[in-house]
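What follows is a set of notes on a single structure, which appears directly below.
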Amino acid sequence: MKRLIAIVEDEAAIRDNYAAAFAREGYAVRTFANRAQAMGAFAARLPDLAIIDISLEDEPEGGFELCRQLRALSPVLPIIFLTARDSELDAVSGLRLGADDFLTKDLSLAHLSARVNALFRRVDALRKPEQAGDVLRRGPLTLDTERMQAQWDGKVVLLSLTEFWIVHALARHPGHVRNRQQLMDAANVVLDDNTITSHVKRIRRKFQGVDPAFDAVQTVYGMGYRWVE
Amino acid sequence: MSLRLKLLLLGLLTLVLPWAGCRYAREMESALREGEQTSLESVAETLATSLEGRVDLLYRAPPGAGADGSSRLEAGPYDLRPLALTAAPLVDGYSEGWPRDPSAWSWYEKDAGHRFGVLTGVYERVLYLLLEVRDAHPVFDAPGASPLDARSSGDRVWLGFQDPDGSEHQVFLAASGPGAVTARYVAAGEYGQQLAALEPRIRGVWQLAPGGYRLELRVPLSMLGTGFGVLVDDRDARGAAPVSYGSLQPDDLRTIGHLIVAAPELTSYLAQFSQPGMKLAVTTPGGQVLARVDELKRIAELGPAPPLIARLYRRFVDQPGTAPPIEAQVPIYDREHAAAIGALEVTQTADRWLRLRDRALTRMLNLTLATSVVVVIAMFAFAAWLALRLSRLRQASESALTRTGLIASFPDTEARDELGAVARSFSSLLGRLNEYTGYLRTLAGKLAHEIRTPLTIVRSSLENLEAEEVPASARAYLERARQGSERLNAILLAMGAATRVEEAIGAAERSRFDLVPLVESAVAAYRGAFPERRFAAELPAQSLALEGAADLIVQMLDKLIENAVDFSPPGATITVRLRLEAESAVLEVDNPGPPLPSEAPGRLFESLWQSRGGGDNRPHFGLGLYIVRLIAEFHGGSASAGNLPEGGGARFSVRLAR
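Line by line, the protein sequences are chains B and R.
Per my numbering, numbering through the first sequence is continuous, rising by one, with the last residue being 229.
Per my numbering, numbering through the second sequence is continuous, rising by one, with the last residue being 658.
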C-alpha cells in the first residue's frame with residue numbers, strides 16, 4: 001500500500017506542484033487548503049506523513065494548531081512544517097509543538113523528498129525491533145542513523161531531522177571542521193549563515209538540557225564547527 | 001543675529017519712554033516758564049499798584065513836598081540821580097569801586113577849559129560823590145592859611161543843599177595838598193566875624209589827576225533834603241579871581257538842581273516782597289535804579305541742591321548754557337494814572353522753575369528708566385529661556401535624526417505655547433518618520449517574504465517540469481528559468497538577512513570571550529575562503545576580553561571582509577587590525593581600492609544604501625554594512641568608514657565597548 005502524504009497548504013499552485021512531485025515519487029497524496037478540511041479527513045484516516053504550512057487561509061497560525069491536534073492524534077506521525085516564514089521564533093514554535101522538521105519554501109523538491117524519505121525510514125526503523133545496526137558512538141553520544149535518534153549518556157535528545165543530520169555530519173569525523181556549506185549539504189537544505197548558527201545553538205541547548213556540561217560542538221570562527229570528544 | 005540679541009534690541013526700544021519723558025520735560029519747562037512769567041508779571045503788577053502814586057515811598061522828599069513831586073521826576077540839567085550802589089566805594093579819591101557807566105555822569109562846564117563831572121551814588125543812606133574836575137592849573141590853598149583868606153585861596157568846591165527842613169546850606173571843600181578833606185561852612189563867630197567851621201559829617205579825599213583833580217566825598221543822606229548842587233571855584237593862581245560854574249546859583253550859591261534819591265523806606269518795602277532767587281528793582285521813569293533788592297544769588301535757600309542724578313538728567317534735557325532768568329517790567333503810575341512816576345522790574349532766576357521741573361523730571365526719568373531696565377531684563381530673560389528651549393529642541397531633533405533613523409526618545413513637553421506645539425508636532429513627525437523608517441527597514445524582509453510564495457510556485461513548477469518529458473530544444477530554456485529562479489532565491493535570502501540578524505541579535509546571549517584568537521582564527525579562514533586576496537592581521541600581543549556574542553562578531557567581520565574583497569582588486573592585501581583603546585577595542589579592515597563615495601560616510605551603514613558597484617553578480621542590497629552597524633551597536637559601539645591617505649583605499653572601523 002502506498003504511503004499517504006497529506007499536504008495542507010492554502011496556495012493551490014504550490015499544493016498541486018508538491019502533490020505532483022510526491023505522486024511521481026510513488027506516494028499517495030491528499031491535499032487540503034485549510035485546517036477544517038484537513039482535520040475532517042484526518043479524523044477519518046491519519047496520513048503517514050503531514051506537510052503543513054503555518055498560515056492557512058484565514059488563520060495566520062492555523063498550521064501550529066493543526067500540528068498540535070495531529071500530534072494529539074498520533075505521537076509518532078512525522079510532521080514537517082513547510083512555510084514561507086523563516087523567522088527563528090516560528091521555527092522554535094513549530095519544533096516545540098513536536099514537528100519533525102521546519103523547512104522554508106525555498107527548499108528544492110529533491111531536498112524535500114529526501115527528507116520525506118528519511119522520515120519514512122525512521123518510521124520503519126522505529127517499528128522494527130531495536131538492533132545495533134547503524135549506530136554511531138562518539139563517547140557519550142549515540143546516533144542511531146536508522147531511527148534518527150540521538151542519545152547522550154543514554155538519555156534521548158530530541159532533535160529535528162535537520163539538527164540530527166547536522167550532528168551526524170559533525171560527529172562522523174570528530175575534530176574535523178565542517179563548514180557551513182558541508183553542513184547544509186549534509187542536512188539537504190539551503191540555509192543562510194544565521195540559520196545554521198541558530199540550528200547549532202538549538203542543538204547545543206538540547207544537549208545541554210540533558211547534560212549542562214555539554215561542550216562537544218565547537219565553533220571555529222570564520223570556518224565552521226567541529227565535534228570534539 | 002541671535003534671538004537673544006534681537007529681543008534685547010527690541011527691549012531697548014523702551015528707551016523711547018525716557019526720551020519721550022525728556023521731550024515732555026522740555027515742553028513742561030516752557031509751559032512752566034510761561035506760567036512763571038505770567039505770575040511774575042502779576043506779582044509785578046500788584047507790587048506796582050501798591051506803589052501807585054506813592055511818590056513819597058519812591059522818592060526822598062521833604063514832608064509836604066509830595067504834591068510837586070512830579071516836577072522832581074523830570075530830571076533837569078542840574079538834577080542829580082545817584083546810582084543805587086551795591087557796595088560802598090572806598091573813599092580815596094580814585095574812581096575804583098564805582099560802576100563804569102559814562103551815562104551816569106553829569107557834566108558841567110563854563111568853557112572849554114572849565115569842565116567837571118559828578119558821579120553820585122547812594123549806599124546805605126549815604127550819598128557818595130565823585131568829582132572829576134578838568135583844570136589845567138590845579139591850585140591848593142597855601143598851607144597854614146585860613147581858608148577864608150581870599151589871598152591864599154586855591155581851588156574850591158562848594159556843595160549847596162537843602163536840609164530836610166528846606167533850609168539852604170553851603171559847605172566848601174578846600175585842601176592845601178592831596179589827601180583827606182573835611183567840609184567846612186562859613187559861620188558867624190561870637191563877634192560877628194566869619195569863621196570856617198568844620199562840618200565833620202561831610203568828608204572826602206582830594207587827589208590830583210591827569211588834566212585836573214579828583215574829589216571823592218561821602219555825605220549822610222540824613223543831612224539832605226531835595227535841593228542839591230555842586231559849584232567849582234577854579235583859580236589859576238592863589239588869590240586869583242575864581243571862575244565859578246556848576247549846579248548852584250553862582251551869586252548866592254542857592255540850589256537849583258535836585259537830588260533824586262529813593263525814599264529810605266523803599267528798600268525795606270521791596271524787601272518784604274522779595275524771595276530767594278528774585279530781584280526787585282524800582283527805577284525812575286528814565287531807568288535810573290532807585291532801589292533794589294537782589295536775592296538772585298540766594299538760590300541755596302530754595303532748598304537743597306538737586307541730587308547728582310537730577311543734574312545728570314538735566315544734561316540730557318537742557319540745551320547747553322544757563323537758562324536765562326525771567327523778567328517783568330511794569331510802570332508805576334501816579335494817582336491820576338496819567339504819568340509814570342517810576343517803573344518796577346522783577347527778575348526771577350530760572351532755577352525756581354527749573355527745580356520744579358527737575359523734581360518732576362527726575363521722578364519721571366527714574367520711573368521710565370526703571371521700566372526700561374525691567375523690560376530689558378525681562379525680555380533678555382525671556383529670550384534666554386526661549387533660546388534655551390529652542391536649543392534643546394534643536395539638540396533633541398539633531399540627536400533624533402543623526403541616530404540614522406532610530407529615534408530613541410524625543411523629550412515630551414507640556415508647554416502650551418507655540419514652541420511646545422512645535423516640539424509636539426516635531427515629536428509626532430519624528431514618530432511618523434520613525435514608523436516609516438521602520439517600515440522601510442523591514443520592507444526588504446517583508447518583500448522577501450511576499451515574493452517567496454510565488455517564487456516557490458515557479459521553482460516547484462520548474463522542478464516538476466524537469467521530471468516531465470521535455471523536448472531537448474526546450475531544456476535550455478528550462479535550465480535558464482531554473483538559474484533565474486535560483487538567483488531570485490539568492491536575492492531573497494540576502495534581502496532577509498538583515499531581518500534575521502536583527503532576530504539573532506534579539507536572541508543573542510552575551511558571554512565573555514577573547515577577541516584576539518577569534519579574529520586570528522577568522523582571518524585564517526578568510527585566507528582559505530578568498531585565495532585571490534592576501535590577508536594581513538595586526539593583532540595585539542595580550543588578550544582582549546570582550547563581553548558580547550562571538551558569533552555576531554564573526555558575522556560582522558565576515559561582512560567587513562566581504563565588503564573589502566568586493567572593492568579590492570585580485571591580489572590585494574586586506575589588513576585586519578585590532579587595536580586597544582582606553583575603553584574600547586577597535587577593529588579595522590583596510591582594503592586597497594577605489595575611495596569611498598563622497599556622500600556622508602555614515603550613510604554607508606544605513607539599510608539598503610548601496611552606491612558602490614560590486615565587482616561580481618552577487619546581489620548587493622547595502623545590507624552588509626548595515627549588519628555591521630547593527631552588531632557594533634549591539635556591542636555598545638559604532639561603525640565608521642574613511643579613506644586611506646593618498647588614495648590607498650578605504651578603511652572601515654568598528655569600535656566595540658570593552
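We treat Cβ as the ideally placed atom computed from N, Cα and C, and that holds for glycine.
None of these values were measured; they are calculated from a predicted model.
message: If you reduce the DSSP assignment to three classes, tell me which class residue 331/R lands in.
response: Of the three classes helix, strand and coil, the one that applies to residue 331/R here is strand, per DSSP.
message: Taking 7 Å as the limit between beta carbons, can you name the residues of its chain near residue 198/R, skipping five residues before and five after?
response: Cβ within range, chain order: 182, 184.
Stretch-stretch touch, CB-based, cutoff 8 Å, three pairs: the stretch 208–226 of chain B with the stretch 355–370 of chain R: Put simply, the stretch 208–226 of chain B does not touch the stretch 355–370 of chain R. Fewer than three CB pairs are less than 8 Å apart.
- prompt: With DSSP run on the structure shown, which of helix, strand or coil describes residue 164/R?
  reply: Residue 164/R: coil per DSSP, three-state reduction.
task: Locate the alpha helix (DSSP H) running through residue 7/B, then write down its first and last residues.
output: For residue 7/B, there is no enclosing alpha helix (DSSP H); the enclosing beta strand (DSSP E) has its first and last residue at 4–8.
- request: Tell me the start and end of each unbroken beta strand (DSSP E) in the stretch 77–114 of chain B that is at least 3 residues and wholly inside, in chain order.
  value: Entirely contained in the stretch 77–114 of chain B, the beta strand (DSSP E) runs reaching 3 residues are, in chain order, 79–83, 101–104.
message: Which residue wins for smallest C-alpha separation from residue 17/R, given the options 208/R, 363/R, 232/R?
response: Taking only the C-alpha atoms, the option nearest residue 17/R is 363/R.
field: Amino acids of chain R, ordered along the chain, whose beta-carbon sits closer than 8 Å to that of residue 14/B
entry: Neighbours of residue 14/B in chain R, taken as residues at a C-beta separation under 8 Å, are given in chain order as 453, 456, 457, 460.
field: Any beta strand (DSSP E) of 3 or more consecutive residues that is wholly inside the stretch 99–136 of chain R
entry: Uninterrupted beta strand (DSSP E) stretches at least 3 residues long and entirely within the stretch 99–136 of chain R occur at 106–111, 114–123, 126–134, given in chain order.
message: Assuming the contact rule is C-beta atoms closer than 8 Å, residue 593/R and residue 568/R should be a hit. Round their C-beta distance to whole Å, please.
response: Contact between residue 593/R and residue 568/R holds: CB atoms are separated by about 4 Å, below the 8 Å threshold.
message: As an exercise, report each continuous beta strand (DSSP E) stretch of at least 3 residues that is fully enclosed by the stretch 518–592 of chain R, in chain order.
response: Considered as a whole, the stretch 518–592 of chain R harbours 534–538, 545–548, 573–580, 584–591 as its complete beta strand (DSSP E) runs of no fewer than 3 residues, in chain order.
The ligand GTP heavy atom lying under 7 Å from the CB of residue 19/R: Only the bare structure without any ligand can be found here, which leaves the ligand GTP out of the picture.
query: For the stretch 220–228 of chain B against the stretch 103–120 of chain B, are there 3 or more C-beta pairs whose distance is under 8 Å?
result: Because the criterion of three Cβ pairs below 8 Å is not met, the stretch 220–228 of chain B and the stretch 103–120 of chain B do not touch.
- prompt: What residues from chain B crowd round residue 511/R, counting only those whose CB sits closer than 9 Å?
  reply: The contacting residues do not exist; residue 511/R stays about 12 Å from chain B at best.
- prompt: Going by alpha carbons, who is nearest to residue 104/R out of 148/R, 83/R, 190/R?
  reply: Closest option to residue 104/R, judged by alpha-carbon separation, among 148/R, 83/R, 190/R: 83/R.
query: Which partner residues of residue 233/R appear in the DSSP bridge assignment?
result: By DSSP's assignment, residue 233/R forms a beta bridge with 156/R, 244/R.
message: Starting from residue 179/R, trace the beta strand (DSSP E) in both directions and tell me its first and last residue.
response: Run containing residue 179/R: 179–188, per the beta strand (DSSP E) assignment.
message: Need the endpoints of the alpha helix (DSSP H) that residue 489/R sits in, please.
response: Per DSSP, the unbroken alpha helix (DSSP H) holding residue 489/R starts and ends at 472–507.
- prompt: Between which two residues does the beta strand (DSSP E) containing residue 634/R stretch?
  reply: For residue 634/R, there is no enclosing beta strand (DSSP E); the residue is part of the alpha helix (DSSP H) that begins and ends at 624–634.
- request: Check distances from the C-beta atoms of the stretch 520–534 of chain R to those of chain B and list, in chain order, the residues that come in under 8 Å.
  value: Going along the stretch 520–534 of chain R in chain order, one finds 521, 522, 523, 524, 525, 526, 528, 529 with a Cβ nearer than 8 Å to chain B.
- prompt: For residue 84/B, which residues in chain R fall below 8 Å Cβ to Cβ?
  reply: Within chain R, the residues near residue 84/B are 449, 452, 453, 456.
query: Who are the near neighbours of residue 114/R in its chain, counting only those whose CB is closer than 8 Å to its CB and skipping five residues on each side?
result: The residues are 134, 135, 232, 234, 243, 245.
query: Can you give the beta carbon distance from residue 156/R to residue 172/R, rounded, assuming they're within the 8 Å contact cut?
result: About 5 Å separates the two Cβ atoms, so the contact holds.
- request: Sort 430/R, 374/R, 378/R by Cα distance to residue 399/R and report the nearest one.
  value: Nearest of 430/R, 374/R, 378/R to residue 399/R, Cα basis: 430/R.
- request: Check whether the Cβ of residue 496/R lies closer than 8 Å to any Cβ atom in chain B.
  value: By this cut-off, residue 496/R is an interface position.
task: Tell me the start and end of each unbroken beta strand (DSSP E) in the stretch 317–391 of chain R that is at least 3 residues and wholly inside, in chain order.
output: Qualifying beta strand (DSSP E) stretches, in chain order: 326–333, 340–348.
query: Taking Cβ positions only, does residue 245/B come closer than 8 Å to chain R?
result: Within the shown structure, residues of chain B are numbered from 1 to 229, placing residue 245/B beyond reach of any answer.
Proximal chain D residues relative to residue 467/R, where beta-carbon distance stays under 8 Å: Note that chain D does not occur in the displayed structure, where the protein chains are B and R.
CB contact flag (residue 586/R, residue 543/R, <8 Å): In this structure, residue 543/R does not lie closer than 8 Å to residue 586/R by Cβ.
- prompt: Of all Cβ atoms in chain R, is any one closer than 8 Å to the Cβ of residue 27/B?
  reply: Among the CB atoms of chain R, none fall inside 8 Å of the CB of residue 27/B.
- request: Can you grab the Cα-Cα spacing for the pair residue 458/R / residue 446/R, in whole Å?
  value: Spanning the alpha carbons of residue 458/R and residue 446/R requires a straight line of approximately 19 Å.
task: Show which residues of chain B have a CB atom less than 8 Å away from the CB atom of residue 504/R.
output: Using a Cβ-Cβ cut-off of 8 Å, residue 504/R is close to 88, 194, 197, 198 of chain B, given in chain order.
Cα-Cα separation, residue 541/R to residue 579/R: The straight-line gap from Cα to Cα measures roughly 10 Å.
- prompt: Is the CB of residue 514/R under 8 Å away from at least one CB in chain B?
  reply: Under the Cβ criterion of 8 Å, residue 514/R is not counted among the residues facing chain B.
message: Which residues in chain B have a C-beta closer than 9 Å to the C-beta of residue 545/R? List them in chain order.
response: By Cβ distance, chain B contributes nothing, its closest Cβ being about 16 Å from residue 545/R, past 9 Å.
task: Determine the direct distance from the alpha carbon of residue 79/B to that of residue 153/B, and round the result to whole angstroms.
output: Distance between the alpha carbons of residue 153/B and residue 79/B: 27 Å.
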